[in-house]
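4 protein chains.
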Amino acid sequence: MTTPPADLLDTWNACGYYELVGMRVTHADEESARIEIGITPAHLQAYGTAHGGVVAGLLDAAMGLAILARLPAGQGCATVEMKLNFTAPVLPGDLVGVGRVLHQGRRLVVASAEARGPDGRMTACAQGTFQAFSAEARS
Amino acid sequence: MTTPPADLLDTWNACGYYELVGMRVTHADEESARIEIGITPAHLQAYGTAHGGVVAGLLDAAMGLAILARLPAGQGCATVEMKLNFTAPVLPGDLVGVGRVLHQGRRLVVASAEARGPDGRMTACAQGTFQAFSAEARS
Amino acid sequence: MTTPPADLLDTWNACGYYELVGMRVTHADEESARIEIGITPAHLQAYGTAHGGVVAGLLDAAMGLAILARLPAGQGCATVEMKLNFTAPVLPGDLVGVGRVLHQGRRLVVASAEARGPDGRMTACAQGTFQAFSAEARS
Amino acid sequence: MTTPPADLLDTWNACGYYELVGMRVTHADEESARIEIGITPAHLQAYGTAHGGVVAGLLDAAMGLAILARLPAGQGCATVEMKLNFTAPVLPGDLVGVGRVLHQGRRLVVASAEARGPDGRMTACAQGTFQAFSAEARS
């Protein structure tokens, strides 16, 4: 598989967490995956910037979808671990996460992702390890 | 400061992200901080388990509050970076995150956190670096 | 297996890297593994403290041996990834790394480790992911 | 400062750890830093591949030098934390680490690095956080 079929992206966008935080996959192919979210007051922590969980969820998803777009149909991937640096406060507005595969092993895959705000400035970057597994397609 | 005043915890629990995901600080003192969340279908990804962003947000908060409980009044702390291992799928039900300080430097603080489900099994563990800063109290 | 046989520790202590940096396993059982090194001028970087590579090697080994002590005979483990915080400068003198298993899955194992100097102060802490594999015993 | 003066590289190459493991900086400018090492039996662990400490030291140095090349003269940088993925076994032969700056803040800098063997294959990748400090030049 190269580009996931549109209904696979629909499946992801329809799951609970994506709806809860208002995040959606807008693109995924062999090169990269792109997730977008509009940061609102509902995403903020006590200091007025987006909570780390929102950013972590965005980058986790961007890496996971970039990997999924490379796996054969019927395989899924789970996050083994991830590491994120928060490099600038995330204020209300659009936030885009782009994930890429750094290394694809037999079962373990290493990916990276960056989040950028409306001005193109990087607000966070991540590197993570994922595990491919056999899964029934859920479309 | 040792134990944060109750109204400080109230401030955290009232912020947008905590309300959005239904997470709340239930305890924070010099030893540890405890955050609780009831995982529901709204927190799930496409495979039926809690999204990494939910778990990351819980552990980020648990570490941050454990640090905040040790800082002088008027100081805040921001996450510089964090690394999480996901060790078991998180299913609907209660999830508790407990954070502790591993090393308190002048400006940088290192903390760890664990998340456990209803059966006490560890579902994720994290290690992160935080930066203390001067902040106006927000109570 | 619980405690690795003495000749297994001998095998590790005899390998090239351990001899090069002067590091040795002094203990490994189901609870923890302990690695010791005497930091000398040969381990220092340009600022007069031990190079991160020395500390990383110590903690990597402490985690790996703690895991190995829990695996059945004939299995080995490889580091998938590790994350280290450096919390204090490491000066010439004894440095001890202690590793523990945080989570043992079927193939992937998560461990942590701490390094402490002669005064008992923590100088670094790590969390890492390892992969078990079948290996011929090398004693 | 942009390119570090040759005598600064000489200072780094002359320090104890670089001599012990046989590693040397061959290039450092605003874009990247490059460290090289010839892996020999002295760098191996019990399974016959380079010990994680050797690879971690290489990537730590590659990130640190890439940062140093951007700092004003008289400033140094210390590793706050780093995370490494090991993506392929490192066998005897040449190993090259290249580091780059991902984000340069006022005091904290985020960098990444990759190690590649003779065939150009990536054997490890890292993301780390560093702290700039005032240091007397040591040339």
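Protein chains in written order, with numbering that gives the first Met the number 0: chain A, 0 to 138; chain B, 0 to 138; chain C, 0 to 138; chain D, 0 to 138. For every residue, glycine included, the Cβ atom is placed at its ideal position computed from N, Cα and C. Note that the coordinates shown come from a computational prediction; the quantities given were computed from them, not determined experimentally.
- As computed with DSSP, D93/D is found in a beta bridge with G37/D.
- Within the stretch 24–46 of chain A, the residues whose Cβ lies closer than 8 Å to any Cβ of chain B are, in chain order, T39, P40, A41, H42, L43, Q44, A45 and Y46.
- Each of G116/A, P117/A and A125/A was checked against the Cα of A110/A, and the nearest Cα belongs to A125/A.
- At the C-beta level, H42/A and R33/A stay beyond 7 Å of one another.
- For T122/B, the uninterrupted beta strand (DSSP E) run begins and ends at M121 to S133, by DSSP.
- When CB distances to chain B are screened at a threshold of 7 Å, the residues of the stretch 55–86 of chain D falling below it are V79, E80 and K82, in chain order.
- Around V109/D, the beta-carbon contacts reaching into chain A at under 8 Å are N84, T86 and C124.
- In chain order, L70, Q74, C76 and R106 place their CB closer than 6 Å to the CB of A131/D, counting only its own chain and leaving out the 5 sequence neighbours on each side.
- Within the same chain, Cβ atoms closer than 6 Å to the Cβ of P117/B are found at G92 and D93, the five residues on either side in sequence being excluded.
- In the DSSP secondary-structure assignment, T78/C is bridged to F129/C.
- For M121/C, the closest of H102/B, R120/B and A134/B by C-alpha to C-alpha distance is H102/B.
- Inter-residue distance for M62/B and M22/C is about 33 Å (C-alpha atoms, whole angstroms).
- Take M81/A, set aside five residues on each side of it, and the residues of its chain with a beta-carbon closer than 8 Å to its own are A55, L58, D59, M62, A125, Q126, G127 and T128, in chain order.
- Residue-level contact by beta carbon holds for H50/B and chain A, with a gap shorter than 7 Å.
- Boundaries of the alpha helix (DSSP H) harbouring A5/C: A5 to N12, taken from the DSSP string.
- In the DSSP assignment, A114/A is bridged to G96/A and A123/A.
- Counting the other Cβ atoms within 10 Å of the Cβ of G37/B gives fewer than 16, which makes it exposed.
- Neighbours of G104/D in chain A, taken as residues whose beta carbon is under 9 Å from its own, are T86 and A87 in chain order.
- The shortest CA-to-CA distance from E29/D to any of Q44/D, P40/D and L64/D is the one to L64/D.
- Going by DSSP, A27/D is part of the beta strand (DSSP E) stretching over M22 to A27.
- Judged by DSSP in its simplified three-state form, H102/A adopts strand.
- Contact annotation: V89/D and R115/D have beta-carbon atoms that are not nearer than 7 Å.
- Apart from the 5 residues on each side of it in sequence, V100/D sits with its Cβ closer than 7 Å to the Cβ of A65, I66, R69, V108 and A110 in its chain, given in chain order.
- Interface residue (Cβ-Cβ distance to chain C less than 7 Å): T10/A is not classified as such.
- Residues of chain D with a Cβ closer than 8 Å to the Cβ of L101/A are, in chain order, N84, T86, M121 and C124.
- With contacts defined as CB atoms closer than 7 Å, A45/C and T10/D qualify as a contacting pair.
- Inter-residue distance for Y17/C and L7/B is about 50 Å (C-alpha atoms, whole angstroms).
- Taking the CA atoms as reference points, S31/C sits about 15 Å from A5/C.
- When secondary structure is reduced to three states using DSSP, A32/B falls in the strand class.
- Contact between A112/C and T86/C does not hold, since the beta-carbon distance rounds to 13 Å and is not under 8 Å.
- Around the Cβ of G47/C, a 10 Å sphere holds fewer than 16 other Cβ atoms; the residue is exposed.
- An exposed status is given to G119/B, since fewer than 16 other beta-carbon atoms sit within 10 Å of its beta-carbon.
- When DSSP reads this structure, V109/D sits in a beta bridge with H102/D and T128/D.
- For V53/D, the closest C-alpha among the options L83/D, G104/D and A13/D is that of L83/D.
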